[in-house]
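Inspection log for the structure reproduced underneath, given as C-alpha cells.
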Amino acid sequence: MIDVTTPPTPQRNRPLLGAKRVYKANTKHIPVLATLVLLVVMYSVGVYNYDGFGDTQVVLNVFVDNAFLLVVAVGMTYVILTGGIDLSVGAVIALTTTVAATLLEAGWPAGVVLPLALLIGTVLGLGMGCVIHFFKVEPFIATLAGMFLARGLSLLINRNSIPITNDFWTQMAQKRFRFDDGVFISLNVVIAVIVVVLAALVLAWTRFGRNIYAIGGNADSALLMGLPVGRTRIAVYTFSGFCASLGGVLYSFYTSSGYSLHGQGLELDAIAAVVIGGVLLTGGSGYVLGTVLGVLVLGLIQTIITFQGDLNSWWTRIVVGILLFAFIVLQRLVTRKAK
Amino acid sequence: MVLQMTGIRKVFPGVVALDGVDFRLLPGEIHALMGENGAGKSTLIKVLTGVYDIDGGQIELAGEQVRFTGPLQAQQAGISTVYQEVNLCPNLSVAENIFIGREPRRFGRIHWSEMRKRAHTSLARLDLDIDVSAQLDSYSLAIQQMVAIARATDVGNTKVLILDEPTSSLDASEVEQLFAVMRRLKDENVAILFVSHFLDQVYEIADRMTVLRNGRLIGEYRTAELPQMQLVSKMIGKDLEALEQIEEHAREAPRQETKIIEAKGLGRTGSIAPFDLTIHAGEVVGLAGLLGSGRTELARLLFGADRPDSGELDVDGTPAKFHSPRDAMTKGIAFSSENRRTEGIIGELTVRENIILALQAARGWTRPIPRRRQDELVDKYVKALQIRPADPERLVRDLSGGNQQKVLLARWLITEPRLLIIDEPTRGIDVGAKAEIQRLVAELADGGMAVLFVSAELEEVLRLSHKIEVLRDRRLVEELVNTDDVDADRIMQTIASGTTGATP
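Sequences listed follow chains A and B, in order.
full-length UniProt numbering numbers the first residue of the first sequence as 1 and each following residue consecutively.
full-length UniProt numbering numbers the first residue of the second sequence as 1 and each following residue consecutively.
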C-alpha cells in the first residue's frame, strides 16, 4: 500500500529542453514555415525581375482574383484535417452559379436567391457527410458521386453561360473598398477574410475544432475517447459544402455570370492549395493560415506568369505540379522524423 | 458493490461469445479478469464499456440498472477504459489528450492555460512531470499509457477503471510505476479491472480474479487463495502435463543428418554481422537474444526478404541466391512473420482464404486451386491445429490472437515447406495456445521438417530446440547444443557477456 502522506517525488521521464516553453521549430509548423519562405522568395523574385511587381495592388489583386478559391480551400482544409477529401466543390460552384443566374433571370428577388444558392452546397454537403458516416462510404467515392450529381444538374438546368444583370449582384460585384489611390479590395476579399478568420478561430478555440484534429489523428481512438465522431464528420462536409456554395456566389459576383462549366478542376486547385499550405493529407495536422499561404502561392505563380508575358498559362499547372510533389515529399520527411 | 453484471450473454453470428457470465466489482479493489485468448475477456470489457450491446442479462452500476449505447454513455456513468493499444490521438498535445471532449471553457472558447494547468496537476497525481503542451507521440509508450490513465481517471466520478493489457509494452520499471498508480487509485476507492497475460503481475497486484473459459464463467477467486498452477489449469481447462510432455519429447528426437540450408559468412551491413549456420532436416533451431539483437534480421536473410551483402547460402548443398522471398519459397522455405497483424493476417478475408494464400501464390495466379481441394486442405489444417471456431468461412479478424497465429502457421504449413521459419509465434497469446503451438513445432520436426524458431522467451526456446543460436548486438555469438546442462542461466550469461568465442 502506498503511503499517501508522503509527498510524491516528481520524476522527470524526459529531459525538458532548457526552460519551459522555449520556441523550437515544432515539426507541425515546418510545412507552414516552408510555404511562407517559398512565398517570400517568389515575391522577391517577382519584385526583382519585373517592373511594377512591387505595387501593393499586385498583392491585393492576388486576393481579389482568388477570393472564391480561398473560401473553398478553407472548407477543404476542414475536410482534409479529418483525413477526408471533398471532390464536389468545383461542381457545387457551377451548380450554385447556374441556379442563381437562372433564378435571377426569371426575376426572383436577390434576397431569396442568395440564401437559396448558399443552401445548395450546404444540403449537398450534409447529404454526402451522412452517406460517408452512416454507410461507411469512402469520402473519395461519396464526394465523387456528389461531383457528378452537381455538375450534371447544372448542365441539365442550362448548358450555356447565363449573364447576371440583377442590380444587387452588380452592386456586390462592383463594390470596392479603397485605401488609397488605386489601392483597393473587392467585397469578395472581405467576405473571404471573414471566413478565414472565423474558420481559424473555430479550429483553434472550440471543441468542434479540436475534435476535427482528433478524428484526423486517429478516428478509432476519437470514438473510444467518447468524441462525437459522426456528428463532427457530417458537420465538416456540410461546412465544406457551404464554403463551396459561398465560393460559387463569390464566383458569380466575380464573373457576373452563371455557367455549368464554371469551376472545372477547381477542387484540385483547392486540394493543391491546402497541401502546399502544409495540411497533412492523411489528416490531423495543419492550419487555416497554411491554406491561405497555399492559395497565395497559387495566385502568385499566376501573377508571375502574367508579368513574364511570354509564357503559356499552362506553366501555372506545371509549377503547381512540381510544388505539390515537393510538399508531399516534405510532409513525408517531417512525419518520418517525428516518429 | 459498485458493479454487478448478471447472466450476460452476447452472441455474434455463429458464436456465443459470452454465455451467462456473472461479474462483480467492489470499490477499492483490483480485480483481474483471466482467461485464454478467445475466452471472452475482450467481449466482456466491450460490453461493459458500451462498445457492444448485450443480448441478455443485466448490468447494475452503483445499484442502478444501466444499459450503455456507446463509450460516451459508459464514460459519463463513471466507467473509464484504457486499452491495450493506447487509444489516444498522437497528433494532439498531452493536455488535449487528457481533456478533449471536456475541455475547460471560458466565454464558449477553450481555456488553454487552464487546461494545461489541470493536465499538469492530473499527471502530477501519477508522479509524472512532463511538458503537457508537447505532442503526445513525442513521448514513450509508457508515458502515453500514463496519459491515457490520467484521461480515464480525470473525469472525477470514475467508479470503475478498466485496464486492458496495459503492461504488454512496458518494461519492468514502467510496470512498477503503473502499479504504484493503480494502488493509489485503489486507495481513492476506484474499482480497477485489470487484464494481463503476465501471471506474475496479476499475482502481484490483484486482490481477486474472475476466470472465464470459452465464454463461460469458471469462477471468482481471491488471489491469495488460488495457487498459480490451479489458475492456469482453470484457464485452459486441462492440466499442464501436456506441456511437460513436449519437453521430454523434443529433446529425445533423433537428428537427421541431411543439411537443408547452410549459411557461410552470410551477413548484411547494418543489419547482422556475417554468420555461419547449418540447419538439418528434422531439427529445431532456436534463435535466442534480446529484442534488437538481430534475430529477425537473421531470419529475413535466410528467407530472402533482405539481400545479403557478404557470404553465401547453400540449399541442399548447392549455392542459392535469393532475390526475393519468392525464390526462397520455391526452395521450400517458409517464413511466418512476427507481426501477425500488420504483415501476416488479412482480417477481411476468411480463414480459408488466409490459409490458401501462400500456396496459391506459389502456384501462380493463373492456376487457381480448385475449391474442393481448398476445402480439403483447409479442413485438414483447421482440425490439425485446432483452430477455433472450426469454421473456415469465418473472417479472420473475428478470431482471437492465438487462433490467428495458428491460421498464419497453417498458411505456411500447407505449402509443405522443408524449412519453416517462425518469428515470435507465441507473443501475446495465452498459455494454452502457446502450448499447442509448441507441441505443433515439435511434431513438425518429428515429421522431418526443419524449424527455425525465433522467440524472446528463453524457456520456450530451451524447451523446443535441438540447438540454440545466441545473438547479441546483431552478431551470432554462440551455438549451443541443447543438452541437459544448458539452461536459461547459461544462455543469459552468453547474452550478457557475449564472450565464448565460438562463431565470430
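We put the beta carbon where it would ideally sit given N, CA and C, even for glycine.
Note that the coordinates shown come from a computational prediction; the quantities given were computed from them, not determined experimentally.
Residue(s) in a DSSP beta bridge with residue i
i: B/Lys-10; result: B/Leu-18
i: B/Tyr-221; result: B/Met-209
i: A/Arg-176; result: A/Ser-186
i: B/Val-454; result: B/Leu-287 and B/Asp-423
i: B/Ile-59; result: B/Met-5 and B/Val-66
i: B/Ala-32; result: B/Phe-194 and B/Met-209
i: B/Asp-314; result: B/Glu-262 and B/Pro-319
i: B/Val-82; result: B/Leu-163
i: B/Phe-335; result: B/Ile-421
i: B/Arg-463; result: For B/Arg-463, which the question treats as bridged, DSSP gives no partner whatsoever.
i: B/Phe-23; result: B/Met-5
i: B/Val-481; result: B/Lys-467
i: B/Arg-216; result: B/Arg-213
Chain-ordered chain B contacts of residue i [CB-CB under 7 Å]
i: A/Ala-214; result: Cys-89, Leu-92 and Ile-100
i: A/Leu-227; result: Ile-100 and Gly-101
i: A/Trp-205; result: Arg-109 and Ile-110
i: residue 397 of chain A; result: Any property of residue 397 of chain A remains undetermined from this structure, which presents chain A solely from 1 to 339.
Whole-Å CB distance - residue i paired with residue j, under 8 Å assumed
i: A/Phe-327; j: A/Ile-276; result: 5 Å
i: A/Leu-81; j: A/Val-279; result: 6 Å
i: B/Val-190; j: B/Leu-163; result: Not quite, the Cβ-Cβ distance comes to about 11 Å (not below 8 Å), so this is no contact.
i: B/Ile-59; j: B/Met-5; result: 5 Å
i: B/Ile-45; j: B/Arg-9; result: In fact, because the Cβ distance is near 16 Å, the residues do not count as touching under 8 Å.
i: B/Ile-421; j: B/Ala-334; result: 7 Å
i: B/Val-315; j: B/Ile-356; result: Between B/Ile-356 and B/Val-315 the Cβ distance is about 25 Å, and since that is not below 8 Å, they are no contact.
i: B/Ala-273; j: B/Arg-474; result: 6 Å
i: B/Thr-426; j: B/Ser-455; result: 7 Å
i: A/Phe-47; j: A/Gly-54; result: One detail in the question is off: residue 47 of chain A reads as Val in this sequence, not Phe. Indeed, because the Cβ distance is near 5 Å, the residues count as touching under 8 Å.
Residues of its chain near residue i, where Cβ-Cβ distance is below 8 Å and the 5 sequence neighbours each way are ignored
i: A/Leu-333; result: none
i: B/Gln-386; result: Lys-406 and Glu-436
i: A/Gln-264; result: Gly-90 and Ala-94
i: A/Val-288; result: Val-74, Thr-77, Val-196, Ala-199, Ala-200 and Leu-203
i: A/Arg-159; result: Ser-260
i: A/Ala-67; result: Ser-186, Asn-188, Val-189, Ile-191, Ala-192, Leu-250 and Tyr-254
Cβ neighbours of residue i in the same chain (closer than 7 Å, five flanking residues each side left out)
i: B/Arg-115; result: The sequence as given places Met at residue 115 of chain B; Arg does not occur at that position. Same-chain partners within the cutoff: Ala-95, Phe-99, Glu-103 and Pro-104.
i: B/Ile-345; result: Asn-354, Val-396, Gln-404, Val-407 and Leu-408
i: B/Pro-71; result: Thr-49, Gly-50 and Val-51
i: A/Val-62; result: Leu-296, Gly-299, Leu-300 and Thr-303
i: B/Gln-73; result: Gly-50
i: B/Leu-126; result: Met-146, Ile-149, Ala-150 and Val-181
i: B/Val-481; result: Lys-467
i: A/Gly-146; result: Ser-88, Leu-124 and Met-128
i: A/Leu-144; result: Leu-87
Under 8 Å by beta carbon: chain A residues contacting residue i
i: B/Tyr-83; result: Leu-224
6 Å CB neighbourhood of residue i in its chain, flanking five on each side removed
i: A/Ser-161; result: Ser-257 and Tyr-259
i: B/Met-170; result: What sits at residue 170 of chain B in the sequence shown is Leu, not Met. If we look at B/Leu-170 and ignore the five residues flanking it on each side, its Cβ neighbours are Ala-142.
i: A/Gly-84; result: Pro-139
i: A/Gly-283; result: Leu-81, Thr-82, Gly-83 and Gly-216
i: B/Ala-450; result: Ile-260, Ile-279, Ala-281, Glu-283 and Leu-419
i: B/Gly-78; result: Asn-157, Thr-158 and Lys-159
i: B/Val-16; result: Gly-215
Neighbour list for residue i in chain A, Cβ cutoff strictly below 7 Å
i: B/Leu-72; result: Gly-226
i: B/Glu-96; result: Arg-210
Contact set between residue i and chain D, taken where Cβ atoms lie within less than 7 Å
i: B/Gln-75; result: Looking at the structure shown, chain D is missing, and the protein chains on hand are A and B.
Closer than 8 Å at the beta carbon, the chain B residues around residue i
i: A/Gly-84; result: Simply none; closest approach about 15 Å.
i: A/Asp-220; result: Asn-87
Partners in chain B for residue i, counting only beta-carbon separations shorter than 9 Å
i: A/Gly-263; result: Within 9 Å Cβ-Cβ: nothing; A/Gly-263 doesn't reach chain B, min ~32 Å.
i: A/Gly-284; result: Cys-89, Pro-90, Asn-91 and Leu-92
Residue i: CB within 6 Å of a non-hydrogen atom of the ligand GDP
i: A/Thr-77; result: Only the bare structure without any ligand can be found here, which leaves the ligand GDP out of the picture.
Task: Every unbroken alpha helix (DSSP H) within the region 141 to 171 of chain A, with a cutoff of 4 residues, ordered by chain - done: Those alpha helix (DSSP H) runs which fall completely within the region 141 to 171 of chain A and span 4+ residues do not exist here.
Open item on the list: Extract the residue ranges of the alpha helix (DSSP H) inside the region 247 to 310 of chain B, only unbroken runs of 4 or more that lie entirely within it.
Closed with: Assignment of alpha helix (DSSP H) within the region 247 to 310 of chain B, counting only whole runs of 4 or more residues, yields 295 to 303 in chain order.
Task: 4 or more residues per run - each alpha helix (DSSP H) lying fully within the region 91 to 131 of chain B - done: List check, alpha helix (DSSP H) in window: 94 to 99 and 112 to 124.
Open item on the list: Please give the ranges of any alpha helix (DSSP H) in the region 70 to 156 of chain A, keeping only runs that are unbroken, at least 4 residues long and fully inside the region.
Closed with: Segments of the alpha helix (DSSP H) lying fully in the region 70 to 156 of chain A: 89 to 105 and 110 to 134.
Open item on the list: I'd like the ranges of any beta strand (DSSP E) spanning at least 3 consecutive residues and lying wholly in the region 244 to 328 of chain A.
Closed with: Fully enclosed beta strand (DSSP E) runs of 3 or longer: not present.
TODO: Could you pull out every unbroken alpha helix (DSSP H) segment of at least 4 residues lying fully inside the region 205 to 234 of chain A, listed in chain order?
DONE: Whole alpha helix (DSSP H) segments, 4+ residues: 207 to 217 and 219 to 224.
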